[in-house]
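These notes are about the structure you will find just below.
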Amino acid sequence: MRIAVISDIHGNRTAFEAVLADLREISPDKVLFGGDLADMGPSPAEIVDRIRDLGWLGVAGNGEEALVRPETLDDFANRSSAPQSMWNAVRECMSASRELLGRGRLDWLLSLPRVHFDDEIALVHASPDDPWRAPPPEASDAHFESLFGHLGAPVVIYGHIHRPFIREIAGR
Numbered sequence: 084m085r086i087a088v089i090s091d092i093h094g095n096r097t098a099f100e101a102v103l104a105d106l107r108e109i110s111p112d113k114v115l116f117g118g119d120l121a122d123m124g125p126s127p128a129e130i131v132d133r134i135r136d137l138g139w140l141g142v143a144g145n146g147e148e149a150l151v152r153p154e155t156l157d158d159f160a161n162r163s164s165a166p167q168s169m170w171n172a173v174r175e176c177m178s179a180s181r182e183l184l185g186r187g188r189l190d191w192l193l194s195l196p197r198v199h200f201d202d203e204i205a206l207v208h209a210s211p212d213d214p215w216r217a218p219p220p221e222a223s224d225a226h227f228e229s230l231f232g233h234l235g236a237p238v239v240i241y242g243h244i245h246r247p248f249i250r251e252i253a254g255r
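Going letter by letter, the sequence shown gives residues 84 to 255 in this note's numbering.
What follows is the structure, encoded as C-alpha cells:
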C-alpha cells in the first residue's frame, strides 16, 4: 500500500493545489495529513473544507492547537527566545484565521487527535505529547526512542520541522 502524508499546509491554497496535482500523478492508495492545516495563510477555510470533503484522516498540529486554544500560543511564546513583536504578528494572523474558519471548522479542528494509527504507522505532528516540539533529524536514537517508542509502531511519521528525512533507529 502506498500512503502519502501531507503536513504543514498553513492555509496556503496555492501550495495545497500543487500538492493535489502531485497526488493525482502518483495516485497513492491513501492520504493522511499531519497537522498545521489552516493557520497563518490566506485560505484556511478552503483548506479545511477540501480536506474534509476528501475524507482524509490525520492529526492536529500546534497550529490547530493555537487556533482552538490561544493560550497555548501564549505559553509557547513566553518560553521562546524570539522577539515578542514576532509573536504579536503571529497572534494577529491566528486571530484572522480563526475569524475566517468560523465556529464549525474550529470545532472540527478541535476534534482532531494528536496521534493517528494506521496499520503499522503512527502519525503525529511533532511529538505525541507536545505538538510544539519535534526532534531534529540529527537527534540521537535514544531521543527518538524516548519520544516515539511508547507508540509501539514500527514507523512513525511527523511534520512540523518542514524538512523531509528518513531515519532508521537501531534495534527497531
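Don't be surprised by glycine CBs; every beta carbon is placed ideally from N, CA and C.
Residue i classed as buried or exposed, judged by whether at least 16 other C-beta atoms fall within 10 angstroms
i	result
residue 233	exposed
residue 172	exposed
residue 147	buried
residue 93	buried
residue 185	exposed
residue 193	exposed
residue 157	exposed
residue 122	buried
residue 162	exposed
residue 137	exposed
residue 206	buried
residue 130	buried
residue 248	exposed
residue 225	exposed
residue 246	exposed
Euclidean distance between Cα positions of residue i and residue j
i	j	result
residue 215	residue 238	21 Å
residue 183	residue 244	25 Å
residue 144	residue 159	14 Å
residue 203	residue 84	11 Å
residue 125	residue 177	11 Å
residue 116	residue 89	5 Å
residue 220	residue 86	21 Å
residue 165	residue 252	32 Å
residue 95	residue 127	8 Å
residue 230	residue 210	6 Å
residue 104	residue 110	10 Å
residue 99	residue 201	23 Å
Check whether residue i and residue j have beta carbons under 8 Å apart
i	j	result
residue 174	residue 150	no
residue 91	residue 132	no
residue 191	residue 135	yes
residue 241	residue 208	yes
residue 195	residue 141	yes
residue 139	residue 114	yes
residue 250	residue 227	yes
Per DSSP, cross-strand counterpart(s) of residue i
i	result
residue 89	116
residue 239	205
residue 213	210
residue 200	205
residue 140	115
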